[in-house]
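If you read the sequences in order, they're chains A and B.
Counting in the UniProt record's numbering, the first sequence runs from 1 upward without gaps.
Counting in the UniProt record's numbering, the second sequence runs from 1 upward without gaps.
Cβ atoms here follow ideal geometry from the backbone N, Cα and C, with glycine treated the same way.
As the structure is a computational prediction, the values presented were derived from the model and not from experiment.
Each remark here refers to the structure printed beneath this line.
Protein chains: 2
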Amino acid sequence: MKNVTLKDVAKAAGVSYATVSRALSGSNQIGKSTRERIVRLCDEMGYTGNYVARSMVMKKTYLLGLVVPAIENEFMSQLAYYVEMSARARGYNIMLCNSEPDLKQEEMVVKLLLGRRVDGILIVPQSPATYEKIAPLLEQIPAVFLSENLRDQPQSYVSVDNSRGAYLGVEYLYGLGHREILYFGCRNSTTHQLRAEGYLRACRQFGLEPRLHHSDFARSSIENGYQMVKELFAKPIDYTAIFASTDSNALGILKAADELHIRIPGDLSLIGFDNIPSTALPRIDLTTIEQPKKEMAVQAVDMLLDKIEKGTQGYVHQILMPSLVQRGTCRSLT
Amino acid sequence: MKNVTLKDVAKAAGVSYATVSRALSGSNQIGKSTRERIVRLCDEMGYTGNYVARSMVMKKTYLLGLVVPAIENEFMSQLAYYVEMSARARGYNIMLCNSEPDLKQEEMVVKLLLGRRVDGILIVPQSPATYEKIAPLLEQIPAVFLSENLRDQPQSYVSVDNSRGAYLGVEYLYGLGHREILYFGCRNSTTHQLRAEGYLRACRQFGLEPRLHHSDFARSSIENGYQMVKELFAKPIDYTAIFASTDSNALGILKAADELHIRIPGDLSLIGFDNIPSTALPRIDLTTIEQPKKEMAVQAVDMLLDKIEKGTQGYVHQILMPSLVQRGTCRSLT
Numbered sequence: 001m002k003n004v005t006l007k008d009v010a011k012a013a014g015v016s017y018a019t020v021s022r023a024l025s026g027s028n029q030i031g032k033s034t035r036e037r038i039v040r041l042c043d044e045m046g047y048t049g050n051y052v053a054r055s056m057v058m059k060k061t062y063l064l065g066l067v068v069p070a071i072e073n074e075f076m077s078q079l080a081y082y083v084e085m086s087a088r089a090r091g092y093n094i095m096l097c098n099s100e101p102d103l104k105q106e107e108m109v110v111k112l113l114l115g116r117r118v119d120g121i122l123i124v125p126q127s128p129a130t131y132e133k134i135a136p137l138l139e140q141i142p143a144v145f146l147s148e149n150l151r152d153q154p155q156s157y158v159s160v161d162n163s164r165g166a167y168l169g170v171e172y173l174y175g176l177g178h179r180e181i182l183y184f185g186c187r188n189s190t191t192h193q194l195r196a197e198g199y200l201r202a203c204r205q206f207g208l209e210p211r212l213h214h215s216d217f218a219r220s221s222i223e224n225g226y227q228m229v230k231e232l233f234a235k236p237i238d239y240t241a242i243f244a245s246t247d248s249n250a251l252g253i254l255k256a257a258d259e260l261h262i263r264i265p266g267d268l269s270l271i272g273f274d275n276i277p278s279t280a281l282p283r284i285d286l287t288t289i290e291q292p293k294k295e296m297a298v299q300a301v302d303m304l305l306d307k308i309e310k311g312t313q314g315y316v317h318q319i320l321m322p323s324l325v326q327r328g329t330c331r332s333l334t
Numbered sequence: 001m002k003n004v005t006l007k008d009v010a011k012a013a014g015v016s017y018a019t020v021s022r023a024l025s026g027s028n029q030i031g032k033s034t035r036e037r038i039v040r041l042c043d044e045m046g047y048t049g050n051y052v053a054r055s056m057v058m059k060k061t062y063l064l065g066l067v068v069p070a071i072e073n074e075f076m077s078q079l080a081y082y083v084e085m086s087a088r089a090r091g092y093n094i095m096l097c098n099s100e101p102d103l104k105q106e107e108m109v110v111k112l113l114l115g116r117r118v119d120g121i122l123i124v125p126q127s128p129a130t131y132e133k134i135a136p137l138l139e140q141i142p143a144v145f146l147s148e149n150l151r152d153q154p155q156s157y158v159s160v161d162n163s164r165g166a167y168l169g170v171e172y173l174y175g176l177g178h179r180e181i182l183y184f185g186c187r188n189s190t191t192h193q194l195r196a197e198g199y200l201r202a203c204r205q206f207g208l209e210p211r212l213h214h215s216d217f218a219r220s221s222i223e224n225g226y227q228m229v230k231e232l233f234a235k236p237i238d239y240t241a242i243f244a245s246t247d248s249n250a251l252g253i254l255k256a257a258d259e260l261h262i263r264i265p266g267d268l269s270l271i272g273f274d275n276i277p278s279t280a281l282p283r284i285d286l287t288t289i290e291q292p293k294k295e296m297a298v299q300a301v302d303m304l305l306d307k308i309e310k311g312t313q314g315y316v317h318q319i320l321m322p323s324l325v326q327r328g329t330c331r332s333l334t
């Protein structure tokens with residue numbers, strides 16, 4: 001089977017090679033009708049594209065690097081799903097790299113993607129230390145950070161309003177009559193600092209005594225949450241609700257509570273953060289704060305393509321709104 | 001910042017462009033000591049690679065297409081994690097495509113990957129109908145099917161012994177004293193046919209009356225399992241255990257059982273299939289059949305790279321062994 005080339009299409013359309021290529025990449029330097037004619041022709045002629053040759057001509061690869069700590073994490077795989085769908089709809093493909101287990105590996109995969117001449121990089125950083133290591137490399141290429149809030153760093157990012165999310169959780173618990181609300185989190189990233197700040201802000205607002213319980217785990221996981229809360233549960237439980245700064249920590253709390261016959265929500269109310277798919281499972285049914293993962297992914301792709309296609313300079317901090325997802329782990333005390 | 005090129009490295013090493021390129025791709029046409037010297041030199045000189053130029057010279061892209069129905073599915077994201085890690089360790093990167101929502105889209109992404117001139121394709125097919133549509137396209141390129149058993153089709157694939165997995169589940173239930181075991185599944189793929197066959201074989205072996213409950217859902221999901229089992233539970237429950245052909249169906253059964261106050265495992269034992277991460281969550285704790293996802297991914301990458309690098313002809317059907325994961329949803333009747 002002989003492949004139809006871009007040259008064949010250009011000849012049939014009576015336009016230049018570059019015009020066909022631009023039309024296929026959805027460039028708006030080409031009129032709508034011309035673009036549609038060329039795309040239809042490609043379709044009719046069975047052109048499947050030769051991106052390698054096209055990359056040499058256009059100095060573009062139509063590839064975006066997507067770096068996540070581990071795609072098997074359900075939060076990451078949801079983001080990746082929407083990133084891929086929305087990038088492909090705009091003519092770009094995704095080169096996926098896991099950056100685990102450490103910062104050295106993360107730096108390595110970013111270098112690899114630069115070598116691959118991807119047109120841009122979307123990165124969910126491993127930790128705040130990522131920023132220092134990676135930021136200088138990303139000066140060479142359009143890049144957008146995803147999910148992690150970098151505060152006022154001069155880098156583009158899309159994240160949720162983490163402070164607002166924690167505030168919403170406390171506000172909800174307060175409305176249910178809770179007055180002793182424990183914050184259970186880690187302090188390993190700006191995201192978590194912001195969640196703690198939102199909690200503190202809500203406490204001030206509602207006249208509650210703040211009760212912070214922090215871990216130094218580098219990463220939030222069910223197992224870490226479980227270990228950490230077991231120590232906590234060994235002491236008297238003089239609070240009526242826990243706001244866990246991540247769903248995975250909340251799942252660890254659920255596990256420990258079940259083992260110790262602490263009823264949730266009977267004895268203790270519980271809220272998580274992120275709204276990962278597991279929280280909606282039967283028997284889990286965790287009340288949580290939703291991060292709008294689809295919207296975050298779509299916005300990050302849009303932002304990156306603006307940089308790539310329009311050469312947008314400077315940086316954008318796009319902060320999306322979280323929302324409360326009421327499920328079965330919070331009890332009304334009134 | 002000026003990028004160090006492959007040419008610079010070749011000059012410094014006193015070898016040809018092609019030699020450096022081969023060394024970097026881990027080719028064994030190059031002696032070990034030469035390869036190590038070149039790799040060290042690349043590292044010292046800060047060479048990050050220019051795969052685009054290299055692709056033109058080598059007629060290789062060092063890219064593998066990975067096609068999955070939806071990366072957000074936790075089974076797929078685990079496979080993708082191990083595929084990416086093991087491909088990268090061998091010098092290849094992954095171009096990720098979701099093939100949802102339908103066969104037309106699946107065909108489209110395969111064509112896209114061909115246009116991208118990936119060196120090979122790994123595909124988790126959507127359904128048996130995939131095979132007919134996709135197989136002719138895949139004659140152009142090394143390809144390996146992943147996870148789905150295609151029986152005697154002339155295509156390479158890696159899957160688990162699905163029949164054996166179902167057998168193991170029934171054998172375990174039989175050992176616990178169960179004699180009335182319902183098989184709960186769909187018949188939309190060879191994989192599911194094989195699971196049903198394994199169930200029937202075990203029934204013959206242990207002298208049990210087979211009880212098949214089949215759905216015609218195109219896809220297994222919690223919601224589909226839930227809908228389907230609610231009809232089933234409306235009739236008298238004259239069986240002591242259910243073997244669900246997927247974990248997501250089993251989770252749907254769990255949900256319906258909880259709503260109807262049917263205790264699992266008190267009133268009814270339950271086994272799933274796949275060992276997706278959700279099954280290990282607190283409160284879920286589902287007994288299931290493990291598919292060795294890491295091994296499947298690694299074997300599929302190895303098989304594909306053998307085709308790409310050694311030009312291995314013909315096809316291989318690699319069937320891996322499943323195993324029983326004992327958790328909390330099965331009760332002993334003895």
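Leaving out five residues before and five after residue i in sequence, what residues of the same chain have Cβ atoms less than 6 angstroms from its Cβ?
i, result
"V160/A", "Q291, L320 and P322"
"M1/A", "For M1/A, the predicted structure reports a pLDDT of 40, less than 50, and the residue's modelled location is therefore unreliable. The matter cannot be settled from this model."
"Y172/B", "L324"
"Y226/A", "G252, K255 and A256"
"residue 335/A", "There is simply no residue 335/A to check, as chain A begins at 1 and stops at 334 in what is shown."
"M228/A", "S215"
"A241/A", "L173, H178, I181 and S269"
"A13/B", "I38 and L41"
"Q318/B", "V158 and Q299"
With a CB to CB cut of under 8 angstroms and the five nearest residues on each side skipped, what residues in its chain are close to residue i?
i, result
"R88/A", "I94"
So is residue i in contact with chain B if we call contact Cβ pairs under 8 angstroms?
i, result
"C97/A", "yes"
"M85/A", "yes"
"E223/A", "no"
"E74/A", "yes"
"residue 384/A", "Since the displayed chain A opens at 1 and closes at 334, residue 384/A lies outside it and no answer follows."
"D274/A", "no"
"Q326/A", "no"
"Q78/A", "yes"
"A300/A", "no"
"A70/A", "yes"
"Y17/A", "no"
"K11/A", "no"
"P142/A", "no"
List the whole-angstrom C-beta distance separating residue i from residue j, where the pair is believed to meet the contact cut-off of C-beta under 8 angstroms.
i, j, result
"I308/A", "P142/A", "5 angstroms"
"S245/B", "C186/B", "7 angstroms"
"G120/A", "L212/A", "Rounded, the Cβ-Cβ distance is 38 angstroms, inconsistent with contact."
"V67/B", "E106/B", "7 angstroms"
For residue i and chain A, any beta-carbon pair shorter than 8 angstroms?
i, result
"M1/B", "Caution is warranted here: a pLDDT of 39 is assigned to M1/B, below 50, making its placement in the model unreliable, and the coordinate value is therefore given only provisionally. It does; some Cβ of chain A falls within 8 angstroms."
"P282/B", "yes"
"D258/B", "yes"
"N93/B", "yes"
"residue 396/B", "No statement about residue 396/B is possible, as the shown extent of chain B runs from 1 to 334 and does not include it."
"L251/B", "yes"
"S278/B", "yes"
"S220/B", "no"
"Y81/B", "yes"
"F29/B", "Checking the displayed sequence, the identity of residue 29/B turns out to be Gln instead of Phe. By this cut-off, Q29/B is not an interface position."
Only counting the same chain, and skipping five residues up and downstream in sequence, which positions put a Cβ closer than 7 angstroms to that of residue i?
i, result
"L150/A", "Y131, Y157 and T190"
"L200/B", "P210"
"H214/A", "G185, C186 and R187"
"N162/B", "N149, T191, L194, R195 and G198"
How far does the beta strand (DSSP E) with residue i in it reach, from first residue to last?
i, result
"T288/A", "T288 to E290"
"G120/A", "G120 to I123"
"L96/A", "N93 to N98"
"R211/B", "R211 to S215"
Over the uninterrupted alpha helix (DSSP H) stretch that includes residue i, give me the two end residues.
i, result
"M321/B", "Counting along the chain, M321/B falls outside any alpha helix (DSSP H), and DSSP gives it neither H nor E."
"Y131/A", "P128 to I134"
Margin query: Restricting to runs no shorter than 3 residues, where is the beta strand (DSSP E) found entirely within the segment 162-205 of chain A?
Written below: Listed in chain order, the complete beta strand (DSSP E) runs (minimum 3 residues) inside the segment 162-205 of chain A are 181-186.
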